[in-house]
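Asks: According to the numbering used here, the sequence shown holds residues 53 to 528 in order.
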Amino acid sequence: MFLTGAVLLVVGMGFFQLGAEMSMTPLGEGVGVQIAKIRFLAVILLIGFVMGAVITISEPDLQVLAEQVPSIPNHVLVLTVAVGVGFFLAVAILRILFRVDLSTILIVLYLALIILSFFIPDEFLAVAFDSGGVTTGPMTVPFIMAMGVGMSSVRGDKNAYSDSFGLVALSSIGPILAVLILGSFYDTSETAYFLASVADVATTRDVVREFLTRLPPYIREVFASFIPVALMFVIFQMLTHRYQRRQVKRVLVGFGYTYIGLVLFICGVNVGFSPVGSSLGNDIASAPWRWLLVPIGMLIGYYIVKAEPAIQVLNRQVEGVTNDAVSAKSMNRCLSIGVSTSVGLAMLRILTGLPIYWIIVPGYIIALVLSRLVPRMFVGIAFDSGGVASGPMTTTFLLPLSIGACEALGGSIMEDAFGVVALVALTPLIAVQIMGIYYQYRLNKMEKTAEQEIISPDADDDILDFEEGYEDDGQL
C-alpha cells in the first residue's frame, strides 16, 4: 500500500508541476499585473479579497483540516478560513502597492496573534496555528506567489522583486486569526479524530482494487475544488482579454494536468501514506524504545518536505528572482533541516506533554528579530517558505504519525498531537533567514575582494598624485 501510494505520489507530482507552470502561474501573474494597473483602491481590495477567498475554498488541504475538527461544521470552518485569507491577501496587495516594509507588518501582526492566543482555550490553540500552514497548499501557493511577481513587475524599481515575496506569509496569518476568533464561539471538548487504518490486503490485486475503489471520491473532490478557479479564469479572460487563443489553450491544458496530478497525488497520499503514518507512530510509541520517535521523526521530516508539490514552485521562483544566487538545491537543503527540527520538536511534545506555547512564542520572536537583520528579499522568502513547507504531505502523513503516537501514549490529541503543522511552518522561517545572513556575509566578502583587486597599490599612488595636482591648481 505504501509503495503504490509512493508511485502515485511521484507521477501525480510530475503532472502537478507541469500543470501549475502552464496554468496557475500565468493566471496569477496576469491577475497581479492587472491589479497593479487599477487606480481605484476599493476595486483593488475587492479583487484581492475575492481571489483569496475563492482560491482558499478550492484548497484540498482545507477540507482535510475541516474533517479533523468535528466540533465545528465543515462549511463554517472553510468559509471562516477563506474570509481570513481573502482579507489578508488584500492587506498583502496594499503592502506591495504602498511599499510598506514586510518585517514591520509581520512583527505587528504576529505579536497581535500571540497576545490573542492567551485568551483562547488551549485545546484550540494548536488547531488554529495548524490552519495557517494547511491553508497555503498546492492550489493557493502557485497562484498567490505568481500574483506577487506580476504586481511587482509593473513597478520595476529596485525593491520590486523583494516585495514580490510575502503574499503567502501574510495570507497564512488570516486563517490563524480567523480560527482563533472562531474558537471562542465553539466548545472544543467534543473534538475527535478518527485514524485511518491500513487496508487489509493480501495480494497485489487487492492493493489495486483498494486504490481504484478509493479513487472516485478524490476525483469528485478535486473537480469541485477546480470549479471556482476555472470560473475565475473565464471571468478574468472575458473582462481583460489578456491571453491570446493559443495561451488560453495552454492554460486549459495546464488545468487538466494540474487536475490529474492532484487526484493521483492526494489519492496516493491519503490511501497509502496516512494509514501507514498513524500505524507507524502507534507502533513506535508503544515500544520500549519510544524515545526513538524523535530521531525517526526528524529523519522523516528531512525527506518528506522534498515531496511537497508547492516547495518546488517556491524554490524555482527563488532561484529565478535571485539570478541563481540562491539555488533550488540550497533552498531544499535549508528547508529539510528546518522541517526535520520541527518534527523532532513535535515528537518531543508528544513524549513529554510540553505546551506548544513554549515553542511557538520563542520561535516567532526569534524569527521576527531575524527579520530586522537579513536582506528584505529573504524576509519574504522565509515567511513564504513556512506556509509552503506545511502542505499535503505534512497534513496526511506527519499529523497521523503524531496522532498515532499520542494515542499509544494516552496523551491529549487536541493539545499534544495537533501543532505539528504549526511547527513545520515555523522552523523554515528561522532556517531561511539564517541562510540569508550567510548569503549577505558572502556577498559583502566578495564585494570587498573585488574592490581590492580593482584598486591596486600602484593605482592608489596615481590617484593620490592626481588629486595633489588638482590641489596645487586650486581646483579642489
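Note that the Cβ used here is the ideal one computed from N, Cα and C, for glycine as well. Predicted model, so just to flag it, every value in this text is computed and none were measured.
Should Asp436 be labelled buried (16 or more other beta-carbon atoms within 10 Å of its own) or exposed?
Replies: With 16 or more Cβ atoms within 10 Å of its Cβ, Asp436 is classed as buried.
Asks: Spatial neighbours of Ile392 within its chain, please: C-beta separation below 7 Å, excluding the five flanking residues on both sides.
Replies: The displayed chain sequence assigns Ser, not Ile, to residue 392. Closer than 7 Å at Cβ, skipping near neighbours: Met350, Gly353, Tyr354.
Asks: Tell me which residues share the same chain as Leu267 and place their Cβ nearer than 6 Å to its Cβ, disregarding the 5 neighbours each side in the sequence.
Replies: Only Cys319 meet the Cβ criterion.
Asks: Any idea what DSSP makes of Asp537, helix, strand or coil?
Replies: Residue coverage of the chain in this structure runs from 53 to 528, which leaves residue 537 outside it and unanswerable.
Asks: Hey, out of Lys301, Asn322, Thr448, whose CA is closest to Thr552's CA?
Replies: In the structure as shown, the chain starts at 53 and stops at 528, and residue 552 therefore has no counterpart that could be examined.
Asks: Closer than 7 Å by C-beta to Ile271: which residues in its own chain qualify, once you throw out the five before and the five after it? Chain order, please.
Replies: Same-chain partners within the cutoff: Val315.
Asks: Could you give the C-beta distance for Leu481 and Ala419, rounded to a whole number, given that I count them as a contact under 8 Å?
Replies: Indeed they touch by this definition, with Cβ atoms about 4 Å apart.
Asks: From Asn375 to Arg368, what does the alpha carbon distance come to, in whole angstroms?
Replies: Taking the straight line from one Cα to the other gives about 11 Å.
Asks: Measure how close the beta-carbons of Ile148 and Ser204 come, nearest whole angstrom, since I'm counting them as under 8 Å.
Replies: Between Ser204 and Ile148 the Cβ distance is about 6 Å, and since that is below 8 Å, they are a contact.
Asks: Excluding sequence positions up to five away, which residues of its chain have a Cβ less than 7 Å from the Cβ of Val135?
Replies: Result list for Val135: Ala105, Ala230, in chain order.
Asks: Do you know how far the Cα of Ile455 is from the Cα of Phe150?
Replies: Taking the straight line from one Cα to the other gives about 44 Å.
Asks: For Ala457 and Phe195, what's the separation of their Cα atoms in angstroms?
Replies: Approximately 35 Å between the Cα atoms of the pair.
Asks: Thinking just about the alpha-carbon of each residue, which of Thr132, Val484, Arg494, Val472 is nearest to the one in Phe237?
Replies: Here the closest residue by C-alpha is Thr132.
Asks: How long is the line joining the alpha carbons of Thr479 and Phe217, rounded to whole angstroms?
Replies: Cα to Cα, Thr479 sits roughly 18 Å from Phe217.
Asks: Does the beta-carbon distance from Ser442 to Pro280 come in below 7 Å?
Replies: Their beta carbons are not under 7 Å apart, which means Ser442 does not touch Pro280 by this criterion.
Asks: Gly415 to Ile225, Cα distance in whole Å?
Replies: Those two C-alpha atoms are separated by around 15 Å.
Asks: Less than 7 Å between the C-beta atoms of Val259 and Thr56, yes or no?
Replies: Yes.
Asks: I'd like the list of long-range same chain contacts for Ile99, defined as Cβ closer than 7 Å, with 5 residues on each side in sequence excluded.
Replies: Contacts found: Ile87.
Asks: Could you give the first and the last residue of the continuous alpha helix (DSSP H) run that contains Gln86?
Replies: Counting along the chain, the alpha helix (DSSP H) containing Gln86 begins and ends at 77 to 89.
Asks: Any chance you could list the beta strand (DSSP E) runs of at least 3 consecutive residues sitting entirely within the stretch 131 to 167, in chain order?
Replies: Listed in chain order, nothing qualifies, since the stretch 131 to 167 has no complete beta strand (DSSP E) run of 3 or more residues.
Asks: Glu523 by DSSP, collapsed to three states: which one?
Replies: The predicted model places Glu523 with a pLDDT of 48, which falls under 50 and marks its position as unreliable; any figure quoted below should be read in that light. Here Glu523 sits in helix by DSSP.
Asks: Please report the distance separating the alpha-carbon of Ile402 from that of Asp468.
Replies: Approximately 5 Å, taken between the alpha carbons.
Asks: Do you know offhand how far Ala474's Cα is from Met429's?
Replies: Each residue's alpha carbon lies about 23 Å from the other.
Asks: Taking 8 Å as the threshold, find out whether the stretch 80 to 97 comes into contact with the stretch 331 to 349 through three or more Cβ pairs.
Replies: No, because fewer than three Cβ pairs between the stretch 80 to 97 and the stretch 331 to 349 fall closer than 8 Å, the two stretches do not touch.
Asks: To which residues of the same chain is Phe263 closer than 7 Å at the C-beta, ignoring the five residues directly before and after it?
Replies: So the qualifying residues of the chain are Thr56, Cys319, Val323.
Asks: Below 7 Å CB to CB, which residues in the same chain sit around Met383 once its five sequence neighbours on both sides are set aside?
Replies: The answer, listed in chain order, is Asn367, Val370.
Asks: Alpha carbon to alpha carbon, what distance is there between Gln492 and Val472?
Replies: So the two alpha carbons sit approximately 31 Å from each other.
Asks: Quick one: what's got a C-beta closer than 8 Å to Tyr309's C-beta in the same chain, skipping five residues either side?
Replies: Contacts found: Phe67, Phe68, Leu70, Gly71, Met74, Ser75.
Asks: Contact criterion: CB-CB distance below 7 Å. Does Ile87 meet it with respect to chain C?
Replies: Judged by its chain identifiers, the structure shown contains no chain C, having just a single protein chain.
Asks: Who are the near neighbours of Asn547 in its chain, counting only those whose CB is closer than 7 Å to its CB and skipping five residues on each side?
Replies: Outside the shown range of the chain, which is 53 to 528, sits residue 547, and nothing can be said about it.
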